[in-house]
Every structure is written in C-alpha cells, then in structure tokens.
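So the number in our numbering is just where the residue sits in the sequence shown, counting from 1, plus 80.
Ideal placement from N, C-alpha and C gives every residue a C-beta, glycine not left out.
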Amino acid sequence: MLAFPVLGLAGLFRKKVVKSSNYLIPAFSLAVFMRFLFSFLSGVIFFSQYAPEGYLSKYGELFGAIIYSIVYNGSYLILSLLLCLIIAFAIYPVIFYKIDLEKIKK
81 MLAFPVLGLA GLFRKKVVKS SNYLIPAFSL AVFMRFLFSF LSGVIFFSQY APEGYLSKYG
141 ELFGAIIYSI VYNGSYLILS LLLCLIIAFA IYPVIFYKID LEKIKK
C-alpha cells in the first residue's frame, strides 16, 4: 500500500528540477528507492511463501526470502528507473522551453 504513494517523493525536488535537469536523477532515484524499500519489505513479510524452493532451502527460510525479494523487486525497478530517466531527459527541454515562453509572455 505504501510502495506507490512514496513515488510522490520525487516532487520534493520540483523547484530545483525547474532550474536544472541535474536534479532529475536524485528525484527519481529517491522515489524508486523508497518504492523498492516498501516492495522489498512486503515481499519478505507477505510473499515469501511464493519464492522458489531453491532460494528458501539453499539460504534458509528468512534469508532466502530476503534474497528473492531483492532480486525480484530490484530487477524490474532498476529498469523502471532507467526508463523513467531516459524519458524525463528526453522531454525535459520541451516542457521547460514552454514554461520559459510563458514567463516571457507575462
């Protein structure tokens, strides 16, 4: 329940992102890390019984669930972060060029 709302933490960097695209990386990284943290915890607490037998028997019940949750959640969230950053850097100039034009008109 908390994994997706924490993505809004990227908004903490809103004013800085308007001034420079350098803040996109920390903004997205913080948001995705917090999502990973909550997804990881829910994976260990609630979904550990779905981990493949190899993980649980090889590393022990709890440690196997931890490893599986890190691998499962980390694999797709890293790709998600990279894709979001690529898209954000691609559209950043277009969005903020429009904002600058609106400021000039006023």
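Taking Ser149 as reference, the option from Phe169, Lys138, Ile125 with the minimal CA-CA separation is Ile125. For Asn153, the number of other beta carbons within 10 angstroms of its own is at least 16, and it is reported as buried. Pairing Val86 with Leu117 gives a Cβ-Cβ distance under 9 angstroms. Distance from the CA atom of Leu110 to the CA atom of Leu92, rounded to whole angstroms, is 10 angstroms. Within its own chain, the residues whose Cβ lies closer than 6 angstroms to the Cβ of Ser119, once the five positions on either side in sequence are excluded, are Ala83, Asn153, listed in chain order.
A Cβ-Cβ contact shorter than 9 angstroms links Leu161 with Phe108. With respect to the C-alpha of Ser128, the residue from Ile166, Ala145, Cys164, Pro173 having the closest C-alpha is Ala145. No Cβ-Cβ contact shorter than 9 angstroms links Leu163 with Leu104.
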